[in-house]
Each structure stands twice: as structure tokens, then as C-alpha cells.
Amino acid sequence: MNTPIKTAIIAFGAAGKFMHAPFIKTQPEHYEVIAVVERHKEDSRELFPNAKIARSLDEVLAMKELELIIITTPNDTHFPYAKAALLAGKHVVVDKPFTITSAEALELIELSKKVDKVISVFQNRRYVTDFLTIKRLLHNKLLGEVHEFEAHYDRYRPEAKPNAWREEPAPGSGILYDLGAHLIDQAFYLFGLPEEITADIRMQRSHARTVDNFELKLGYDHKKVILKSGMLVREPGPRYMIHGDIGSFIKYGEDPQEVFLRAGKLPTEVPNWGMEDESIYGLIHTDISGHTFNEKYPSVKGDYGYYYENLYKTLREDAPLRERPEHAYNVIKLIELAEESNAKKATIKCSGFIDVPYPRD
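Written out as C-alpha cells, the structure is:
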């Protein structure tokens, strides 16, 4: 079957409008949006003029022709909405984080198997320039055996953002679930599941009501992985620092896609979509075939749209699912372990993961 997948987007806030809709809109041969849930507005008409504007999830679930539901609502709704969609016989994409608890994540995994429907989590940070470049470096062993990996995902927001549910003191709020979900998934993708964790989780800003700073140290056999994020970083340092036994890679700067998306640009409207400017290429210092290199390393093209291209191949061509729900379960499990480590002010052993493979291409 090569017909477009009949799709609904559940909510058209920032995530739905800027992170998902542009890549559905620009893949019309793969996806047809037939409904969008907007409780009060009709902003989606600009991109999807023929789609039904629904006011509730139930209204959409009743559409028999619907195949795929994309959930972009606040974190505490992910579990009940995804469960309802699976029970209604729909495939499901959930924006990260998957759920608030690992128990909820496991229930959705088991339910998806029972009803024989795909559930996947939108890990778009697998498809940014810096991560794809790092994948290539490590695959080609250009740094040798990696012994230390440090990744940052920082922002500068000294004041509280008005009406931001992510800054409310509620389950699943704060940057550990938000930005942390990206960093943890990247670490697991590159290095697998850790043996231990030491976590420092804080509320740094005087007005903070939920987590706005964290540092996670993941222990492997001979490898240390450090993941950091904060909301008081006005002058960013390197996003990535990787040190191996024959070389290092240092990377500044941010993937360009989000800036264009939040400005309302579609991927088809921007020349060289997902390409970084040479000024923020990473620096590699290594030895290759007896020669020393200390120079800029060209970044690989990024594209969040790869996620939806891969998903289409799974749903229509029976290709293996790349963003598996078990991957997302492991992210939530580590967040729970990080909270335990922070509460105990101690390094703790990691357990409770689901041992499943991560893509290697």
C-alpha cells in the first residue's frame, strides 16, 4: 500500500505547529492530515485547509478512516491520550518525553503489541547536524576509543515564561523531562545503557518552581558520559566535548532547523535545509594513518523530517521501527534513577532497562 497515511495532529501549540506539522506538510506523498485538534482556534487551516478542525480527542478517535495520531499535548496527557488512541486501533506518535513514569511507558508498550499497532516517540534530536556528525565520527573511529563524552543543552531564561506548563510544579515538568529526554536518548544511542548514575538536579532561579538545572554522570566500564542543562547560560560553551585515545572533537553552535521552524518557514522554503554554516563546524584534533589533523570537520546535513520518512517506511513498507518505544521507556527509567540518585546524594547502580538494539546506520 503506497497511499498517504491518514493522519491527525492532536493539538496545534508550539510542538504541533513548529516541530511536527512542517514535516507532514512537506511529505504529501506519505501523509495526509485529515484532522487537527484545536480546542479554541483554527490556526492549522493555513497549512491544512482541507483538514477537519476537531475540538476533542474523542471526536478524532471516532474517525474510522484515520490511521495515525500524533500527540503533541502537555506531558501529563501523553499516557492517557496514547492509550485511548491505541485502544481505538490507531498508530501513535508521541512527542517526547514518552510518559511521566516508566510504568506508564511499559503499559503502552504492552498495549501496542496486544492491539498490533505501532507506537513511537518523536526523538527529533537524532536528526540534527551535530549528532549526525558525531555518529559519523564515532562510526569511523576517528577519535579512537571514546573515554569521555560531555553534552550540553543550555538556555538563557532568567525570568519565568508566562503560562508555561513546563515551568509549573507538576509531574513531568521541568527541563530534565524536556531537554534531558533528548540528551539521554542520544547517549543511549551512541554508547548503550549505563551501569551507574550520579545526578545533581536543582532549581537554580529564585522564582523556579520545577527543575531548571541538572548534571547527570553516567558510568560505563571505561567511559564517562556527562549530560548537562541549565536555564542561566547566557554565553554557551561547547555543546559537545568528546575525548578518545587518539583524538578529541569539540563542537559549538546549534543546529539551524528550529530557528527557521519557529519563524514559520517550511523545510522546502529554505535553501540547503539542515546545513550548518562553516563557522560552527566542530574542531577535530586526531591522528589518521600517521598524519595529525587539527582542523574544522564538516557537519552532516540534519533534517527532522527523516523521522517521518522512516516512520512511513515502517507503516507502509514494514521496515523496522527506528524510534522504538523501548528506547523511550529507557529514557524515562533513567530520569527516575536520576531522581533517586539526587535524593540520596549518591551514585547508584542502574537497573530496570529494556535491552533492545539501537539503530547503527
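In my numbering, the protein residues as written are 1446 to 1806. Even glycine gets a Cβ: it sits at the ideal position worked out from N, Cα and C.
Beta strand (DSSP E) segment containing residue i, residue limits
i	result
LYS1580	Counting along the chain, LYS1580 falls outside any beta strand (DSSP E), though it belongs to the alpha helix (DSSP H) covering 1574 to 1584.
ILE1514	1513 to 1516
TYR1742	1736 to 1742
Cβ distance (whole Å) where residue i is taken to contact residue j below 8 Å
i	j	result
ALA1548	VAL1537	Not a contact, Cβ separation roughly 18 Å.
ASN1755	GLY1617	About 26 Å separates the two Cβ atoms, so there is no contact after all.
VAL1776	ALA1626	5 Å
LYS1668	PHE1636	6 Å
LEU1583	VAL1573	Not quite, the Cβ-Cβ distance comes to about 15 Å (not below 8 Å), so this is no contact.
PHE1576	GLN1631	6 Å
TYR1752	GLU1768	7 Å
GLU1785	ILE1793	6 Å
VAL1505	ALA1453	5 Å
Residue i, DSSP secondary structure in three states
i	result
ASP1722	coil
ASN1775	helix
GLU1604	coil
THR1731	strand
PHE1798	coil
GLU1595	strand
Enclosing alpha helix (DSSP H) for residue i [first to last residue]
i	result
ARG1500	Run containing ARG1500: none; DSSP gives neither H nor E here.
GLU1590	No alpha helix (DSSP H) contains GLU1590, which DSSP labels as neither H nor E.
GLY1750	1750 to 1762
ILE1454	Where ILE1454 is concerned, there is no enclosing alpha helix (DSSP H), although the beta strand (DSSP E) it sits in stretches over 1450 to 1455.
GLY1526	This sequence places Tyr at residue 1526; Gly is not what is there. Taken as a continuous stretch (DSSP letters only), the alpha helix (DSSP H) holding TYR1526 covers 1523 to 1532.
Residue i CB to nearest heavy atom of the ligand MN below 8 Å
i	result
VAL1704	The ligand MN is absent from the structure shown, which contains no ligand whatsoever.
Minimum Cβ-Cβ distance from residue i to chain B less than 9 Å
i	result
ASN1775	Included in the structure is just one protein chain, with no chain B present.
Quiz item: Is the segment 1621 to 1634 touching the segment 1656 to 1675 in the sense that three or more CB pairs, one from each, lie closer than 8 Å?
Solution: Yes: the two stretches touch, three or more of their Cβ pairs being nearer than 8 Å.
Practice problem: Would you be able to state if there are at least three C-beta pairs under 8 Å between the segment 1487 to 1498 and the segment 1553 to 1562? | Solution: No: the two stretches stay apart, fewer than three of their Cβ pairs being nearer than 8 Å.
Self-check item: Every unbroken beta strand (DSSP E) inside the segment 1613 to 1664 [3 residues or more]
Solution: You should have 1641 to 1647, 1658 to 1664.
Quiz item: Is there contact here, the segment 1503 to 1521 with the segment 1452 to 1465, by at least three beta-carbon pairs under 8 Å?
Solution: Contact between the segment 1503 to 1521 and the segment 1452 to 1465 is present, with at least three C-beta pairs closer than 8 Å.
Quiz item: Do the segment 1711 to 1728 and the segment 1694 to 1701 touch if we need at least three Cβ pairs shorter than 8 Å?
Solution: They touch, by the three-pair rule.
Quiz item: At which residue ranges does the segment 1655 to 1709 contain complete alpha helix (DSSP H) runs of 4 or more residues, listed in the order of the chain?
Solution: Correct list: 1702 to 1707.
Practice problem: Could you pull out every unbroken beta strand (DSSP E) segment of at least 3 residues lying fully inside the segment 1536 to 1571, listed in chain order? | Solution: Entirely contained in the segment 1536 to 1571, the beta strand (DSSP E) runs reaching 3 residues are, in chain order, 1536 to 1540, 1564 to 1567.
Exercise. Kindly provide the ranges of any beta strand (DSSP E) runs that are 3 or more residues long and lie completely inside the segment 1465 to 1498, ordered along the chain.
Key: Fully enclosed beta strand (DSSP E) runs of 3 or longer: 1476 to 1482.
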